[in-house]
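Visitor: What follows is a single structure, and I will ask about it in a moment.
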DNA sequence: AATCAAGTTTACGTTAACGTAAACATTCTT
DNA sequence: AAGAATGTTTACGTTAACGTAAACTTGATT
């Protein structure tokens, strides 16, 4: 079925369109720790989730180290001393602020793309009067 | 006043909290081309805007090459042949899709941070019954 | 038995984005 | 005039995130 429980390294590589080299590298950096059957790696559903989170982090421009920090937040968010917990809340807030900055950045970049697209379409309409240009709908 | 029109390299370095090395490197990569007074670089307001755009791109995880591609979109969005213009519209759409993917990624990561924060706060409340924990407002 | 596919370790190579240092020019200040 | 501050070019060094290749193991297949 669709709910598999164990994956080989090339299973994951295929699914996420990355190389096995990358997956082993992530393990080397401490972001994954699959079981071993003999010398062969066996990945659980949890490992798969971790990998998905890594790739999501990368799409947001996070370094592997930062991804690891997020995992720490996730993993130890229900244990540790009071001081540790308070420290984690602080870091969660920091990460959230970074994400909010990214939201602002995306909004501004979208506006710039809007502008560029408008100028592009206009230039096209000037070149090709037969309205072949890419305008959404009605005039 | 606040509306300066020329900047030295260290002006910009200070303002954006980067090194002069970085600024020269961006120029080396073709992302900036300030005037020269003798051998000294002089940056205009436009140059300053470009620099701001570079840093925004970097915060979104874009490479300098990708930033340069965005500048091309911006700069040539009102010129070029029909084919060129159509190609640019395509690439604008691609960039927009990447941004939308990032929006989705941010939303999911925010949810995970919410969860981690909730668990953290809960663990804290269990440790410190005197409600010193970080809960927003009323019980 | 031999070959083949998939996995493994080890290690050197590569690219992007700067850091760092040396050696020099220019301008301002003392 | 002699520093000191700010700028410049040139060039080698560094880190992250893999790519690539070699040499080997293991299980399945012919």
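Protein chains in written order, with my numbering: chain B, 1 to 139; chain G, 1 to 139. Using N, Cα and C, we set each Cβ at its ideal position, and we do this for glycine too. Model, not experiment: these values are computed from the prediction.
1. If you measure from the beta carbon of residue 148 of chain G to each beta carbon in chain B, is any gap under 7 Å?
2. Got a sec? Which residues, its chain only, sit under 8 Å from residue 26 of chain B by beta carbon, not counting five neighbours each side?
3. Please list the partners that residue 4 of chain G has in chain B, where partner means a Cβ-to-Cβ separation under 8 Å.
4. If you check the beta carbons only, do residue 18 of chain G and residue 9 of chain G fall under 7 Å apart?
5. Which runs of the alpha helix (DSSP H), 4 residues or longer, sit entirely within the stretch 36 to 114 of chain G?
6. Between residue 73 of chain G and residue 116 of chain B, is the Cβ-Cβ spacing less than 7 Å?
7. Take the Cβ of residue 105 of chain G as the centre, count every other Cβ of all protein chains shown within 10 Å, and call the residue buried at 16 or more, exposed below.
8. Can you check whether the CB of residue 120 of chain B is closer than 7 Å to the CB of residue 88 of chain G?
9. Tell me which residues share the same chain as residue 16 of chain G and place their Cβ nearer than 7 Å to its Cβ, disregarding the 5 neighbours each side in the sequence.
10. Can you find a CB in chain B that lies within less than 7 Å of the CB of residue 125 of chain G?
11. Which residues in chain B sit within 8 Å of residue 119 of chain G, going by Cβ to Cβ distance?
12. Let me check understanding here. Comparing Cα to Cα, which of B:95, B:6, B:61 and B:113 lies closest to residue 49 of chain B?
13. Going by DSSP, which residues form a beta bridge with residue 6 of chain B?
14. What does a CB cutoff of less than 6 Å around residue 78 of chain G pick up in its chain, not counting 5 residues either side in sequence?
15. I'd like to check one pair, residue 99 of chain B with residue 96 of chain G: are the Cβ atoms closer than 7 Å?
Guide: Taking the structure as given:
1. The structure shown does not extend to residue 148 of chain G, since chain G spans only 1 to 139, so no value can be given for it.
2. 32, 51, 54 and 64
3. In chain order: nothing, as chain B lies at least about 22 Å away.
4. no
5. Correct list: 45 to 59 and 64 to 75.
6. yes
7. That one is buried.
8. yes
9. 51 and 55
10. Residue-level contact check: residue 125 of chain G does not touch chain B, since none of the beta carbons of chain B fall below 7 Å from its beta carbon.
11. 77 and 78
12. The residue from B:95, B:6, B:61 and B:113 with its alpha-carbon nearest to that of residue 49 of chain B is B:6.
13. B:44
14. For residue 78 of chain G, same chain residues with a beta-carbon under 6 Å away, outside a window of 5 residues either side, do not exist.
15. no
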